[in-house]
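Visitor:
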Amino acid sequence: GESVGLHLPTLSVQEGDNSIINCAYSNSASDYFIWYKQESGKGPQFIIDIRSNMDKRQGQRVTVLLNKTVKHLSLQIAATQPGDSAVYFCAENPQAAGNKLTFGGGTRVLVKP
Amino acid sequence: KAGVTQTPRYLIKTRGQQVTLSCSPISGHRSVSWYQQTPGQGLQFLFEYFSETQRNKGNFPGRFSGRQFSNSRSEMNVSTLELGDSALYLCASSLFGQGSETQYFGPGTRLLVL
Numbered sequence: 172g173e174s175v176g177l178h179l180p181t182l183s184v185q186e187g188d189n190s191i192i193n194c195a196y197s198n199s200a201s202d203y204f205i206w207y208k209q210e211s212g213k214g215p216q217f218i219i220d221i222r223s224n225m226d227k228r229q230g231q232r233v234t235v236l237l238n239k240t241v242k243h244l245s246l247q248i249a250a251t252q253p254g255d256s257a258v259y260f261c262a263e264n265p266q267a268a269g270n271k272l273t274f275g276g277g278t279r280v281l282v283k284p
Numbered sequence: 002k003a004g005v006t007q008t009p010r011y012l013i014k015t016r017g018q019q020v021t022l023s024c025s026p027i028s029g030h031r032s033v034s035w036y037q038q039t040p041g042q043g044l045q046f047l048f049e050y051f052s053e054t055q056r057n058k059g060n061f062p063g064r065f066s067g068r069q070f071s072n073s074r075s076e077m078n079v080s081t082l083e084l085g086d087s088a089l090y091l092c093a094s095s096l097f098g099q100g101s102e103t104q105y106f107g108p109g110t111r112l113l114v115l
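Sequence order for the protein chains is A and B. Position in the first sequence counted from 1, then plus 171, gives you this note's numbering. Position in the second sequence counted from 1, then plus 1, gives you this note's numbering.
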């Protein structure tokens with residue numbers, strides 16, 4: 172079946188540096204993509220989303236880039252802080268599927284002081 | 002506005018038993034989805050309910066079922082529990098369950114099957 176995947180299971184980054192988390196997706200029908208952050212003992216927390224008619228969207232310290240040609244999604248975190256340490260998931264929602272998210276495997280981000 | 006709440010937060014059951022988990026969506030949200038999270042399989046979609054009707058279903062056996070009430074609160078039930086059902090069960094809600102709506106997750110119910 173089609174799925175969303177991540178390239179790096181663990182990313183170590185120095186505090187203050189920028190982080191980049193990558194994600195590949197295979198469902199060309201996907202219309203909506205989301206990044207979630209999950210801290211230990213908590214449910215996934217929405218970070219930022221992007222629709223397929225866009226290639227870039229910015230939030231507070233975060234930017235999501237979408238490359239539909241190669242089916243690639245990335246999350247950039249600027250000036251990474253200790254509170255950014257968590258597992259990050261990308262997810263896709265195929266067009267007209269209602270709410271039926273397909274999640275990637277997750278990337279753990281460890282921020283070193 | 003209160004977030005998605007789930008009860009209980011932790012649960013221990015034995016094989017063969019059944020379990021019912023509860024989810025209260027964000028006020029005004031009418032779509033509720035359930036996901037199972039395990040270290041081996043990651044986050045997997047179970048089902049979605051909207052207006053008391055199951056609208057989408059994932060690839061889980063019939064032992065997994067759910068329902069939604071008129072106030073949008075939802076329950077999921079797992080019958081004849083197996084060891085592999087040990088997982089974090091997450092509930093998410095959104096306004097109308099349209100594909101490009103943000104889904105907000107609750108803290109989850111951690112189920113341990115012995």
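Ideal Cβ positions, reconstructed from N, Cα and C, are used throughout, including at glycine.
#1: Checking 9 angstroms against the spacing of the C-beta atoms, do Phe274/A and Leu44/B come in under that value?
#2: Report buried or exposed for Pro26/B, applying the criterion of at least 16 other Cβ atoms within 10 angstroms of its Cβ.
#3: Measure from the C-beta of Gly29/B to each C-beta in chain A and report whether the shortest distance is under 9 angstroms.
#4: Consult DSSP for Gly254/A and reduce its assignment to one of helix, strand or coil.
#5: Residues of chain B with CB closer than 7 angstroms to the CB of Asp220/A, please, in chain order.
#6: Does DSSP put Leu89/B in a helix, a strand or coil?
#7: With which residues is Ala262/A paired in a DSSP beta bridge?
#8: Determine, using beta carbons only, whether Trp35/B and Ala88/B come nearer to each other than 9 angstroms.
#9: Tell me the DSSP bridge mates of Glu76/B?
#10: I think Ile219/A touches Val241/A, with their Cβ atoms under 8 angstroms apart; what is that distance to the nearest whole Å?
#11: Can you pull the chain A neighbours of Glu53/B, defined as C-beta to C-beta under 8 angstroms?
#12: Does Asp255/A get closer than 9 angstroms to chain E when you measure Cβ to Cβ?
#13: Under 9 angstroms between C-beta atoms, does Gln231/A make it to chain B?
#14: Indicate the three-state DSSP secondary structure (helix, strand or coil) for Leu236/A in the structure shown.
#15: Can you tell me which of Glu210/A, Glu263/A, Val282/A puts its alpha carbon nearest to the alpha carbon of Ile221/A?
#16: Strictly by DSSP, which residues pair up with Lys283/A?
#17: Closest to Ser28/B by C-alpha separation, out of Leu96/B, Ser80/B, Leu22/B, would be which residue?
Guide: Short version:
#1: yes
#2: buried
#3: no
#4: helix
#5: Thr103
#6: strand
#7: Ile205/A, Phe274/A
#8: no
#9: Ser23/B, Arg68/B
#10: 20 angstroms between Cβ atoms; not a contact.
#11: None at all; the shortest Cβ gap to chain A is about 15 angstroms.
#12: No chain E appears in this structure, whose protein chains are A and B.
#13: no
#14: strand
#15: Glu263/A
#16: Gln185/A
#17: Leu96/B
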